[in-house]
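Here the structure is laid out as structure tokens; the discussion comes afterwards.
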Amino acid sequence: MKRKLLTIAAAAACAFGGAAQAQISDGTVKIGVLNDMSGLYSDITGPGSLLAARMAVEDYVKATGSKLKIEVIGADHQNKPDVGSNIARQWFDTDKVDMIADVPTSSVGLAVAAIAREKGKLHVNAGSATSDLTGKACNANTIHWAYDTYMLANGTGKAIVKNGGNTWFFLTADYAFGHALERDTEAVVTKNGGRVVGKVRTPFPTQDFSSFLLQAQASKAKIIGLANAGGDTTNSIKQAAEFGIVRGGQNLAGLLVFLPDVHSLGLNVAQGLMLTETFYWDLNDQTRAWSRRFASANNGKMPSMVQAGVYSSVLHYLKAVEAAKTDDGTKVAAKMKELPTDDPLFGKGIVRADGRKIHPAYLFEVKKPSESKGPYDYYKLAATIPANEAFRPLSESECPLVKK
Amino acid sequence: MEIFGIPSQALFGQLLIGLINGSFYALLSLGLAVIFGLLNIINFTHGAQYMLGAFVAYLGLQKLGMNYWVALAVTPILVGATGVLIERTMLKQLYKLDHLYGLLLTFGLALIIQGLFRHEFGSSGMPYPVPEVFKGAINTGFMFLPKYRAWVIVASLVVCLATWYVIERTKLGAYLRAATENPSLVQSFGINVPRMITLTYGFGVGLAALAGVMAAPIYQVNPTMGADLIIVVFAVVVIGGMGSIMGAIVTGFGLGLVEGLTKVFYPEASSTVIFVIMAIVLLIKPAGLFGTQK
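Chains as they are written, first to last, in the numbering used here: chain Z, 36 to 439; chain C, 5 to 298.
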């Protein structure tokens, strides 16, 4: 009898507890970090992104004393759209995940964005590059955080053309991301008076780039644009050095180079490379403090721009959930666009109507070995691109959410 | 002069590049063919053992200052020894069972080894410098050939032909081939067949490690470098004919060339062309180009 009473009491307590947070589905805000946990993008995203998401939850709860029950889980999409879609569906349908974060590899990112819309959930992407996420493929349930191909082209591409690099040959990773990066860069090159003399689509991923590099060499273009990422970029830069591309008078433009790539290449090979990122650990006191904390929990590895983006996006997501008093995907997305963003890594910013998160971008040059004080001291700031110039203006957007 | 719209000079360059990639295919498929021919084991750990070779060279350089030449000599022995250990403790139990068991065991081992290295070293890879003697390139007139790549072709051709010679043309090779046909008969002549088989596996693994050391200065030293390559190499072995030594060498170089040409004429297909050829060969000649029906 006593036991029965207790059970009823417990059940009632649960029911009331639930009522207090009626708008939070099953009482828990559940965040799924979906990325490449084991392949060529796993140092840029991978377990580091999962750590960043967990740090964001911890910091948010500590700073606000929030009573939200928050859970973070992770999974490996192996850079395959079919695998990623299956996990996303399972997470949304049966595992009660409210928001999917990170998702590098543009083909997978686009697939997950479509699923988030179909299910009325939320996808906050920090890992994919394609500007289509806030362009023709935009939707009300997707927000794009750290960077995109338009911003990369606008940073690195423009700087190089203005420095006289006016003929280009592209080595393009043959999938959604590479195509988008090539398209956006080509637009910047031609707009600034440059010319594209040739391009080659390389299978993704590729180990040996020598054949493609020879084609680029034969094209006599001043600039070889690398519209690829991760292991593809490091292998092509390394092999370009082997084939004497730079000594022969041509220059490489790494259109998407992350800090772990530079670390992996070593400064001997990477020195002089121009690149654009929206985050670097050594920007200011706040980024340094956070990054050191991150590195101490991540085997000594400093965060990439994507991992910083995951932290920042999860933080803003939680603020929006609290403010909207719900974890409904569509409503939280609207709230995220309404609230201004502010965090130690990207500073103050906004989320635009098309889902694009806006913040400054930085053009960096990779240091010479003699200029570097040690591991991860790799970048020199060449220029800061202010937030309102860094990303595609709304007036050029193909996104149907933007009213013109 | 132009061939199909490509200047012939550029084409020569591309063919040479194809040969270089072909030398890696040949070295790796040779090891696989030797192991399959003599042990009847489909060694899926081969890619991981190739990766181990590159990592032993990298770690040797970082921790002990071991130079490229020492690495080239020491690494195959070290990694080969781990192969001997695997054969003695695990593979030995499987000879009487279906091929599938060996395949599953070696595949599982490969995943474990790669997982451990990825956990320790991450996925973006480590740089390994080109040895001092081979820095720079030769201008051949039709292309800019890095000296190191020229060395790779020569070294791999020598190793491949030496292996073929030992197995097909010497007494030791004759014993090996006899032992695979009828182990008990060969054993009754007083030859230690189990030891011969162990050493053969160690040798095949050593070949993979050698290829790994040779690859280190060209690619990033990366835990998944073998996983990407091994599938292609299996296709090479299947096309050449499982267990055929000469078949593995010739198809290795040949498919390197075919892949090189695809990279010029239709780059998008260059990662699939080998599998298309594999499908065609299997349909027409199921035992492979150089294989014999058993």
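All residues carry an ideal CB built from backbone N, CA and C; glycine is no exception.
Please decide whether F278/Z counts as near chain C, where near means a Cβ-Cβ distance under 7 angstroms. For F278/Z, at least one C-beta of chain C is nearer than 7 angstroms to its own C-beta.
Whose C-alpha, out of S254/Z, G67/Z and P428/Z, is nearest the C-alpha of D130/Z? Nearest of S254/Z, G67/Z and P428/Z to D130/Z, Cα basis: G67/Z.
Cα separation between I235/C and A388/Z? If you take the alpha carbons of I235/C and A388/Z, they lie about 46 angstroms apart.
With burial defined as no fewer than 16 other Cβ atoms inside 10 Å of the residue's Cβ, what is the status of H158/Z: buried or exposed? It counts as buried.
Give the secondary structure of V159/Z by DSSP, where H, G and I count as helix, E and B as strand, and everything else as coil. Note: V159/Z maps to strand in three-state DSSP.
Just how far apart, CA to CA, sit L294/Z and V268/C? Going by C-alpha positions, L294/Z is about 32 angstroms away from V268/C.
Any idea what DSSP makes of H112/Z, helix, strand or coil? Three-state result, H112/Z: coil.
Smallest Cα separation from E263/C: which of A159/C, F111/C, I281/C and L189/C? Ranking A159/C, F111/C, I281/C and L189/C by Cα distance to E263/C puts I281/C first.
So if I threshold CB-CB distances at 8 angstroms, which residues from the region 242–268 of chain Z count as touching chain C? Here the close residues are Q242, D243, S245, S246, F247, L249, Q250, Q252, A253, G265 and G266.
Expressed to the nearest angstrom, what Euclidean distance is found between the alpha-carbon atoms of A396/Z and P375/Z? Cα to Cα, the separation comes out at about 18 angstroms.
Residues of chain C with CB under 8 angstroms from G74/Z, in chain order? Scanning chain C for C-beta atoms nearer than 8 angstroms to the C-beta of G74/Z yields S127 and T228, reported in chain order.
Kindly confirm or deny that the region 30–50 of chain C and the region 243–254 of chain C touch, where touching means at least three C-beta pairs closer than 8 angstroms. For the pair of segments examined, the region 30–50 of chain C was found to touch the region 243–254 of chain C: the number of CB pairs separated by less than 8 angstroms reaches three.
Contact under 7 angstroms by Cβ, A252/C with L34/C: Contact annotation: A252/C and L34/C have beta-carbon atoms nearer than 7 angstroms.
Whose C-alpha, out of Y346/Z, A369/Z, F212/Z and A251/Z, is nearest the C-alpha of V356/Z? Comparing alpha carbon positions, the residue from Y346/Z, A369/Z, F212/Z and A251/Z closest to V356/Z is A369/Z.
For the beta strand (DSSP E) holding R122/C, just list the boundary residues, first then last. Going by DSSP, R122/C is part of no beta strand (DSSP E) but of the alpha helix (DSSP H) stretching over H103 to F125.
For Y397/Z, which of helix, strand or coil comes out of DSSP? Reduced to three states, the DSSP call for Y397/Z is strand.
Looking only at its chain, what residues have a beta carbon closer than 6 angstroms to the beta carbon of F381/Z, apart from the 5 residues adjacent to it on each side? Once the five neighbours on either side are set aside, the close Cβ partners of F381/Z are S347 and H394.
Taking C-beta to C-beta, are G256/C and V242/C nearer than 7 angstroms? Taking 7 angstroms as the Cβ cut-off, G256/C and V242/C do not qualify as a contacting pair.
Chain-ordered chain Z contacts of E272/C [CB-CB under 8 angstroms]: Within 8 angstroms Cβ-Cβ: D209, R236 and P238.
Please list the segments of the alpha helix (DSSP H) lying wholly inside the region 320–344 of chain Z, counting only runs of 4 or more residues, in order along the chain. DSSP runs (the alpha helix (DSSP H)) wholly in the region 320–344 of chain Z: 320–331.
Would you say G301/Z lies against chain C (beta-carbon separation less than 7 angstroms)? Yes, contact with chain C.
According to DSSP, residues forming a beta bridge with A252/C: Among the bridge pairs identified by DSSP, A252/C is matched with none.
Going by CA-CA distance only, name the one from A30/C, K151/C and E172/C that's closest to S160/C. Of the candidates A30/C, K151/C and E172/C, the one whose C-alpha sits nearest the C-alpha of S160/C is A30/C.
Would a C-beta distance cut-off of 7 angstroms place G119/Z and V143/Z closer than the cut-off? Yes. Within cutoff.
Just the C-alpha distance for P271/C and I142/C, rounded to the nearest angstrom, thanks. I142/C has its alpha-carbon roughly 26 angstroms from the corresponding atom of P271/C.
Reduced DSSP category for L176/C - H, G, I as helix; E, B as strand; rest coil: In the structure shown, L176/C sits in a helix (DSSP, three-state: H, G or I).
Relative to the C-alpha of T276/C, which residue among L233/C, T204/C and L293/C is closest? Comparing Cα positions, the closest option is L233/C.
At which residue ranges does the region 359–436 of chain Z contain complete beta strand (DSSP E) runs of 3 or more residues, listed in the order of the chain? As far as the region 359–436 of chain Z is concerned, its whole beta strand (DSSP E) runs of at least 3 residues are 376–378, 382–386, 396–401 and 414–420.
Is there at least one Cβ from chain Z nearer than 7 angstroms to D102/C's Cβ? Interface flag for D102/C against chain Z is unset, since no Cβ pair is found closer than 7 angstroms.
Would you please state the rounded distance, in angstroms, between the beta carbons of Y413/Z and K402/Z? I believe it to be under 8 angstroms. Between Y413/Z and K402/Z the beta-carbon gap is near 6 angstroms, inside 8 angstroms, which marks them as a contact.
Could you check which residue in V285/C, H103/C, S128/C and V225/C has the C-alpha nearest to that of L63/C? The candidate whose alpha carbon is nearest that of L63/C is V225/C.
For V197/C, does the three-state DSSP call read helix, strand or coil? Correct three-state label for V197/C: helix.
Is the Cβ of D137/Z closer than 7 angstroms to any Cβ of chain C? Output row for D137/Z: interface = no.
Please specify which runs of the beta strand (DSSP E), each continuous and at least 3 residues long, are wholly inside the region 181–225 of chain Z, giving them in chain order. Within the region 181–225 of chain Z, the runs of beta strand (DSSP E) that reach at least 3 residues and sit entirely inside it are, in chain order, 202–208.
By a C-beta neighbour count over all protein chains shown, 10 Å radius and 16 as the cutoff for buried, is H103/C buried or exposed? Residue environment: H103/C is assigned as exposed (fewer than 16 neighbouring CB atoms within 10 Å of its CB, all protein chains considered).
Excluding the 5 residues flanking L416/Z on each side, which residues of the same chain have their C-beta closer than 7 angstroms to its C-beta? Closer than 7 angstroms at the Cβ level, and outside the excluded window around L416/Z, lie Y397 and F399.
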